[in-house]
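Engineer: In case it helps, this note's numbering puts the sequence shown at residues 1426 to 1683.
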Amino acid sequence: MVQLIDSDIQTREVLDWKGLHLLHHPAAACSKKLRIFLNVKGIDWESHIVDIKTGTNYDEWFLGINPRGLIPVLVDDGAVHIESNDILLYLENKFSNSGPKLLAAGGVSEMEELLNHENSLHMDLRTLVFRFYFPGKSPSKPEGALEKYRDTGSGTVGGVEDQEKSVQIKFWETVKNDGIPDETARKSALKFRAAFDELEARLGDNPYLLGDELSILDIAWFIYTDRLILADYPIARLHPRIDQWFKKLSARPDFSKE
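#1: In this structure, how does DSSP classify H1547 when only helix, strand and coil are distinguished?
#2: Check whether the Cβ atoms of S1432 and G1629 lie closer than 7 Å to each other.
#3: Return helix, strand or coil for Q1588, following the three-state DSSP convention.
#4: For a quick check, are the C-beta atoms of I1644 and I1461 less than 7 Å apart?
#5: Could you tell me which of D1657, I1468, K1673, L1571 sits nearest to R1493, measuring between CA atoms?
#6: Indicate the three-state DSSP secondary structure (helix, strand or coil) for V1475 in the structure shown.
#7: Please report the residue range of the alpha helix (DSSP H) in which I1660 lies.
#8: Going along the chain, which unbroken runs of the alpha helix (DSSP H) with 4 or more residues stay wholly within the stretch 1591-1635?
#9: Hey, is D1511 close to the ligand SAM, as in C-beta under 6 Å from one of its heavy atoms?
#10: Please state if the CB of R1652 and the CB of V1582 are separated by a distance shorter than 7 Å.
#11: For L1429, which residues of its own chain have a beta-carbon under 6 Å away from its beta-carbon, when the five flanking residues on both sides are left out?
#12: Mapping the DSSP letters down to three states, classify I1507 as helix, strand or coil.
#13: Return the CA-CA distance between Y1574 and R1556, expressed in angstroms with no decimal places.
#14: Within 8 Å, do at least three Cβ pairs link the stretch 1532-1551 to the stretch 1612-1628?
#15: Within 10 angstroms of the Cβ of K1443, are there 16 or more other Cβ atoms? Answer buried if so, exposed if not.
#16: Give the single residue among E1598, N1510, D1637 whose Cα lies nearest to the Cα of Y1649.
#17: For N1491, count neighbouring C-beta atoms within 10 Å of its own C-beta (all shown protein chains included) and say buried if the count is 16 or more, exposed if not.
#18: Using only the alpha-carbon positions, how far apart do I1667 and P1659 sit?
#19: Taking the beta strand (DSSP E) that L1445 belongs to, which residues open and close that run?
#20: From E1625 to Q1669, what does the alpha carbon distance come to, in whole angstroms?
#21: In angstroms, rounded to a whole number, what distance separates the CA positions of F1559 and Y1633?
#22: Taking all protein chains shown into account, do 16 or more other C-beta atoms lie within 10 angstroms of the C-beta of N1602, making it buried, or fewer, making it exposed?
#23: I need the DSSP call for V1427, collapsed to helix, strand or coil.
#24: Name the DSSP beta bridge partners of V1498, please?
#25: Would you please state the rounded distance, in angstroms, between the beta carbons of H1446 and H1473? I believe it to be under 8 Å.
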């Protein structure tokens, strides 16, 4: 679990927040993932919108909460949690008696392994969305935003110098200078094809990825599938079972409202 420690956090006011607070953006994929989970579980929470389109996530206030400058962030009675999949597992453990149970039969360890595979494709998802959902010109950061990002915040996670910021800066600088080359997009698409082939086999004739019951894995892959469909990935043609699974989830009110 990625819970920040005291020295990581420079925006001290959040340490006094009571209750469950989610810093998020309506259009951000990982934010949507958490909101769907909260809907399914029936958990009450307080919303704080972080406008990533204008670079608010690179402001001193937000980087003082999450040194990585990424959303979503969960603040639970002053404890700051980052990274969406870790937040999902944290919340499932805390609210295990609320709503349906969303872990795999193998418990936390099995779900962590399954989510690690999903998370390993995050930059590939971003690559394909930027390349095909934003044809012609990929999104860019406001002037001076990356410089502010580089120099602001504690720069530590768990008290240790964090390398994630360098990964993010490299991605945005590459997009600005070179865009998303065809070969890079092709490699990312092939990774997703292999991943969806595995999911198709796992799904079989079951209603959900882990059998008869909805799980965190369904929520996580629903978000990826949604984004890739927006980027014109041919889900229905290449992975018809996943396509039907996605459509059924899309019809659920706790999914469709997001």
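We treat Cβ as the ideally placed atom computed from N, Cα and C, and that holds for glycine. Nothing here was measured: the structure is a model prediction, and the numbers come from that model.
Structural biologist: Quick look at the numbers:
#1: Taking the first residue of the sequence shown as position 1, residue 1547 is located at position 122. DSSP places H1547 in helix when its eight states are reduced to three.
#2: If you number the sequence shown from 1, residue 1432 lands on position 7. If you number the sequence shown from 1, residue 1629 lands on position 204. No, the Cβ-Cβ distance between S1432 and G1629 is not below 7 Å.
#3: Counted from its first residue, the sequence shown places residue 1588 at position 163. Note: Q1588 maps to coil in three-state DSSP.
#4: For the purposes of this step, residue 1644 is identified with residue 219 of the sequence shown, where counting begins at 1. For the purposes of this step, residue 1461 is identified with residue 36 of the sequence shown, where counting begins at 1. Yes, they are a contact pair.
#5: By 1-based counting over the sequence shown, the position of residue 1493 is 68. Checking every option, the nearest Cα to that of R1493 belongs to L1571.
#6: Your numbering for residue 1475 matches position 50 in the sequence shown. V1475 falls in the coil class under three-state DSSP.
#7: The residue labelled residue 1660 in the question sits at position 235 within the sequence shown. 1660-1663 is the extent of the alpha helix (DSSP H) around I1660.
#8: 1607-1628
#9: Inclusion of the ligand SAM in the displayed structure is not the case, the ligand content being empty and no account of it being possible.
#10: Here residue 1582 corresponds to residue number 157 of the sequence shown, with the count starting at 1. Here residue 1652 corresponds to residue number 227 of the sequence shown, with the count starting at 1. Not in contact: V1582 and R1652 (Cβ atoms no closer than 7 Å).
#11: As a position in the sequence shown, residue 1429 is number 4, starting the count at 1. Excluding positions up to five away in sequence, the list reads V1505.
#12: Taking the sequence shown and counting its residues from 1, the one referred to as residue 1507 is at position 82. Residue state, collapsed to three classes: strand.
#13: Reading the sequence shown from its first residue, position 149 is the one you call residue 1574. Reading the sequence shown from its first residue, position 131 is the one you call residue 1556. Cα to Cα, the separation comes out at about 24 Å.
#14: Contact holds: three or more Cβ-Cβ distances are below 8 Å.
#15: For the purposes of this step, residue 1443 is taken as residue 18 along the sequence shown, with counting starting at 1. Classification for K1443: exposed.
#16: Residue 1649 sits at position 224 when you count from the first residue of the sequence shown. Of the listed residues, the one whose Cα sits closest to Y1649 is N1510.
#17: In the sequence shown, residue 1491 corresponds to position 66, counting from 1. Buried, because 16 or more other Cβ atoms sit within 10 Å of the Cβ of N1491.
#18: Start at 1 with the first residue of the sequence shown, and residue 1667 comes out as number 242. Start at 1 with the first residue of the sequence shown, and residue 1659 comes out as number 234. So the alpha carbons of these two residues sit roughly 11 Å apart.
#19: Here residue 1445 refers to the residue found at position 20 when the sequence shown is read from its first residue. Note, L1445: beta strand (DSSP E), 1445-1449.
#20: Your numbering for residue 1625 matches position 200 in the sequence shown. Your numbering for residue 1669 matches position 244 in the sequence shown. Rounded to whole angstroms, E1625 to Q1669 spans 11 Å at the Cα level.
#21: In the sequence shown, residue 1559 corresponds to position 134, counting from 1. In the sequence shown, residue 1633 corresponds to position 208, counting from 1. One C-alpha to the other measures close to 31 Å.
#22: By one-based count along the sequence shown, residue 1602 stands at place 177. It is exposed - the Cβ of N1602 has fewer than 16 other Cβ atoms within 10 Å.
#23: Residue 1427 sits at position 2 when you count from the first residue of the sequence shown. Three-state DSSP puts V1427 in coil, outside helix and strand.
#24: Here residue 1498 corresponds to residue number 73 of the sequence shown, with the count starting at 1. Answer is L1448, I1507, bridged to V1498.
#25: Indexing the sequence shown from 1 puts residue 1446 at position 21. Indexing the sequence shown from 1 puts residue 1473 at position 48. At roughly 6 Å, the Cβ-Cβ gap stays under 8 Å, so H1446 and H1473 are in contact.
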